[in-house]
Amino acid sequence: MPLDAKIPGGPLAEKWDRHLFELKLVNPANKRKYEIIVVGTGLAGGSASATLAELGYSVKTFCIQDSPRRAHSIAAQGGINAAKNYPNDGDSIWRLFYDTVKGGDFRAREANVYRLAQVSNHIIDHCVAQGIPFARDYGGLLANRSFGGAQVSRTFYARGQTGQQLLLGAYSALSRQVAAGKVQLFARREMLELVVIKGQARGIVVRNLINGDMERHEAHAVVLCTGGYGNVFFLSTNAMASNVTSAYRAHRKGAFFANPCFTQIHPTCIPVHGTYQSKLTLMSESLRNDGRVWVPKNPIDKKPPQQIPEALRDYFLEEKYPSFGNLVPRDVASRNAKEQCDLGKGVGDTGLAVYLDFADAIERDTKAVIEKKYGNLFQMYEKITGENPYETPMMIYPAVHYTMGGLWVDYNLMSTIDGLFVLGEANFSDHGANRLGASALMQGLADGYFILPYTIGGYLAGTDLSAVTTDDAEFKAAESEAHSRIEALLSIKGRRTVDDIHKELGLIMWEYCGMARNNKGLEMARNLIEQLRAEFWENVTVPGSGQDFNQSLERAGRVADFLDFADLMIIDALSRQESCGGHFNEAFQTEAHEARRDDENFCHVAAWEFTGAIDKPQLHKEPLVFENVELTQRSYK
Ligand SMILES: Cc1cc2nc3c(=O)[nH]c(=O)nc-3n(C[C@H](O)[C@H](O)[C@H](O)COP(=O)(O)OP(=O)(O)OC[C@H]3O[C@@H](n4cnc5c(N)ncnc54)[C@H](O)[C@@H]3O)c2cc1C
4 MPLDAKIPGG PLAEKWDRHL FELKLVNPAN KRKYEIIVVG TGLAGGSASA TLAELGYSVK
64 TFCIQDSPRR AHSIAAQGGI NAAKNYPNDG DSIWRLFYDT VKGGDFRARE ANVYRLAQVS
124 NHIIDHCVAQ GIPFARDYGG LLANRSFGGA QVSRTFYARG QTGQQLLLGA YSALSRQVAA
184 GKVQLFARRE MLELVVIKGQ ARGIVVRNLI NGDMERHEAH AVVLCTGGYG NVFFLSTNAM
244 ASNVTSAYRA HRKGAFFANP CFTQIHPTCI PVHGTYQSKL TLMSESLRND GRVWVPKNPI
304 DKKPPQQIPE ALRDYFLEEK YPSFGNLVPR DVASRNAKEQ CDLGKGVGDT GLAVYLDFAD
364 AIERDTKAVI EKKYGNLFQM YEKITGENPY ETPMMIYPAV HYTMGGLWVD YNLMSTIDGL
424 FVLGEANFSD HGANRLGASA LMQGLADGYF ILPYTIGGYL AGTDLSAVTT DDAEFKAAES
484 EAHSRIEALL SIKGRRTVDD IHKELGLIMW EYCGMARNNK GLEMARNLIE QLRAEFWENV
544 TVPGSGQDFN QSLERAGRVA DFLDFADLMI IDALSRQESC GGHFNEAFQT EAHEARRDDE
604 NFCHVAAWEF TGAIDKPQLH KEPLVFENVE LTQRSYK
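Counting in the working numbering, the sequence shown tops out at residue 640, every number present.
Here it is, written out as structure tokens:
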């Protein structure tokens, strides 16, 4: 199947406007006749549901949590990018576009990224109108700070709670539509199957997580906004419920999965501190505006940080990357932290940590100023580690944080299944091989508030959609598939818990498909995962029943999908014989240990089709054509 990204013609800066004009419209009076299912209520799903309903469509919205407000987006800390250029420091739509393409190591689509940069400014206006309490500077203008991979300050923030504030905005807009009867909200529902009829996405099967009932829901189009799959690594900064199930189930029904091996490892997280840990905590990248990253120059120096004099400290990011310093992009900062720890210079009990030190910033700006900027993050750090970061440098280490891979979508955000749209972290669209900080919130809200509401109209207005009902054979088959899986999980009655197997999967993925990869390790991981999958289906224990609130059962279903999906990640990593962004194959590195791309052979999106066998997906390539930026070796020196 040829992959048509449907990128409009014409100059880059005019593509989106031109496309908006050319898209077919749905007459306002006809919109209410269309039903749209939106799965997910994070920033992508919440904004999409609210906007579609405001336009007049009839929307059904689903989420796992008891309230839309508990979507993982609420955890986002540092901020959201936009090219407003309020600080007058040289930013522009073009610069945001360029930084994002370069930050993604030239593995994203130019047209999508440019549109994202254009739309970014509308997001800020929209959110201000909603009342989001963005930080302001002394003169009353919205304040900005810097994030990695940029030499301007373009990140809008609400202390360390930007995601929460933005989600409250989207949730308010959504609630208005729920009250108006335009959105039917189904909380505590987990999508287990997509229903495809005559090649079109026409509904979903969900499980009611409170009483175990299966429900069928039909619609004219389905929008997945179900977030990222970082929890395949077990330990990550993602919310515990983040999963790959809806995306993977759609993949099995014909949606291609793009670049699944592109994972982001965030450099500044609280290090792992025990074998019983189930969650990792992010320390926002915004902290690197003021915090300085260092390790002792001497590997055997195990003195407390305050006793190590300046001359014996290695500020390795500032040394190696004088232009960007501590604010190099995440993939670069993470690899360098790992390198220091591999050299034996890591700190803390495990040696798997580096310092993030605020002493200079406190001396320069005062404690009060630092507290105002990052107070809640410092408090969180102290609560978890018992150490006061105003007095002792934080200890940080890279951890899994975000997934750039996702379901393949065209310029309209439609997947390879007609009528199945994918938004936010669940799609692959805009970040290439490495996402810049504060760009996920921008993308999720761009997709939900400003892109899908137009493009879905073009699809609905231009497509023949026959009448369907939930009694159709495809609905029955999808429900029976979901039901059989649940029965199978409950019948194993083995001896290992779901978490135990998930943890083992995570260790395999981290070791062989994590920050650094090599072909031998990846091959080994495939074997280990195959064995673990067999072990899961023979020896997992899922207590309780399917007719009840049963979180072990929920988790078991998600881990079963992670076990299948992990193979796809590894196949993808093996097939991409180059290094780029977060995909670092040790065989492909420059002399300075940076990722070395192979543009001749791998300047494409790798989109995988499910063929019926987990281990034999078919690769389709979408060539990436760069007409506006020059492909160069990324440098932040
Ligand atoms: C700790 C942390 C801090 C971050 N800070 C920032 C930041 O400062 N700036 C930035 O730009 N990005 C940040 N990110 C990234 C950003 O938060 C996420 O990429 C973004 O919020 C994802 O939004 P989303 O709407 O795509 O998905 P999510 O917010 O993950 O929402 C997913 C939704 O899908 C639902 N769902 C999932 N599966 C199913 C299913 N099978 N059935 C039904 N419903 C389902 C869930 O219930 C939820 O409602 C951060 C990430 C983390 C982990």
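Just so it is clear, CB atoms sit at the ideal spot from N, CA and C, and this is done for glycine as well.
{"query": "Any non-hydrogen atom of ligand 1 closer than 7 Å to Phe-65 Cβ", "result": "yes"}
{"query": "Start-to-end residues for the alpha helix (DSSP H) that takes in Trp-513", "result": "501-516"}
{"query": "Contact test: Ser-245 Cβ vs ligand 1 heavy atom, cutoff 7 Å", "result": "yes"}
{"query": "Selection from Gln-267, Lys-479 and Glu-482 that minimises the alpha carbon distance to Gly-584", "result": "Gln-267"}
{"query": "N- and C-terminal bounds of the alpha helix (DSSP H) containing Cys-228", "result": "No alpha helix (DSSP H) holds Cys-228; DSSP gives it neither H nor E."}
{"query": "Endpoints, the beta strand (DSSP E) within which Trp-411 is located", "result": "Here Trp-411 belongs to no beta strand (DSSP E), and DSSP marks it neither H nor E."}
{"query": "Where Arg-162 sits in the DSSP three-state scheme", "result": "coil"}
{"query": "Separation of Leu-577 from Leu-285, as counted between CA atoms", "result": "29 Å"}
{"query": "Nearest residue (CA-CA) to Val-181, options Pro-299, Val-116, Gly-82 and Glu-57", "result": "Glu-57"}
{"query": "Identified DSSP bridge partners for Cys-272", "result": "Leu-285 and Tyr-400"}
{"query": "C-alpha distance - Ser-281 paired with Glu-557, whole-angstrom precision", "result": "16 Å"}
{"query": "Residue range of the beta strand (DSSP E) that includes Glu-38", "result": "38-42"}
{"query": "Range of the contiguous alpha helix (DSSP H) that encloses Asn-115", "result": "113-133"}
{"query": "Per DSSP, cross-strand counterpart(s) of Gln-203", "result": "Ile-200 and Asp-421"}
{"query": "Cβ-heavy atom distance, Asn-241 to ligand 1, below 7 Å", "result": "yes"}
{"query": "Proximity of Ala-138 and Arg-112 at Cβ, strictly below 8 Å", "result": "no"}
{"query": "Proximity test, Thr-637 beta-carbon vs ligand 1 heavy atom, cut-off 7 Å", "result": "In the sequence as displayed, the identity of residue 637 is Arg instead of Thr. Outside the cutoff, so no."}
{"query": "Own chain partners of Val-186 with C-beta closer than 7 Å, once the 5 adjacent residues on each side are dropped", "result": "Ser-52, Ala-56, Val-62, Thr-64, Leu-177 and Gln-180"}
{"query": "Alpha-carbon to alpha-carbon, Asp-450 and Ala-74", "result": "17 Å"}
{"query": "N-terminal and C-terminal residue of the beta strand (DSSP E) that Met-217 is part of", "result": "217-221"}
{"query": "Proximity test, Ile-83 beta-carbon vs ligand 1 heavy atom, cut-off 7 Å", "result": "yes"}
{"query": "Ligand 1 heavy atom lying under 7 Å from the CB of Ser-442", "result": "yes"}
{"query": "Inter-stretch contact at 8 Å, needing at least 3 Cβ pairs: the segment 227-242 / the segment 286-300", "result": "no"}
{"query": "Val-122 Cβ short of 7 Å to ligand 3 heavy atom set", "result": "In the structure on display, ligand 3 does not appear, and the ligands it does have are ligand 1."}
{"query": "Secondary structure of Gln-80, DSSP reduced to three states", "result": "coil"}
{"query": "Backbone secondary structure at Phe-319 - three-state DSSP", "result": "helix"}
{"query": "Neighbourhood of Arg-579 by C-beta distance below 7 Å, restricted to the same chain and skipping five residues each side", "result": "Cys-264, His-586, Phe-605 and Ala-609"}
{"query": "Same chain only: Cβ atoms within 6 Å of Asp-551, ignoring 5 sequence neighbours per side", "result": "Gly-215"}
{"query": "Proximal residues to Ala-250 (C-beta, below 8 Å), its chain only, five neighbours per side dropped", "result": "Leu-227, Thr-229, Tyr-232, Ala-258, Phe-260, Gly-409, Leu-410, Val-425 and Ala-429"}
{"query": "Identity of the residues DSSP links to Asp-360 by a beta bridge", "result": "Arg-295"}
{"query": "Inside the segment 555-618 only - alpha helix (DSSP H) runs reaching at least 4 residues", "result": "602-605"}
{"query": "Lys-624 - containing beta strand (DSSP E), residue span", "result": "621-626"}
{"query": "Inter-residue Cα distance where the pair is Ser-326 and Tyr-639", "result": "6 Å"}
{"query": "Given Gly-134 as reference, the closest of Ala-120, Leu-170 and Asp-102 once Cα atoms are compared", "result": "Leu-170"}
{"query": "Closer than 7 Å: Ser-432 CB and nearest ligand 1 heavy atom", "result": "no"}
{"query": "Beta-carbon gap between Thr-473 and Glu-221 smaller than 8 Å", "result": "yes"}
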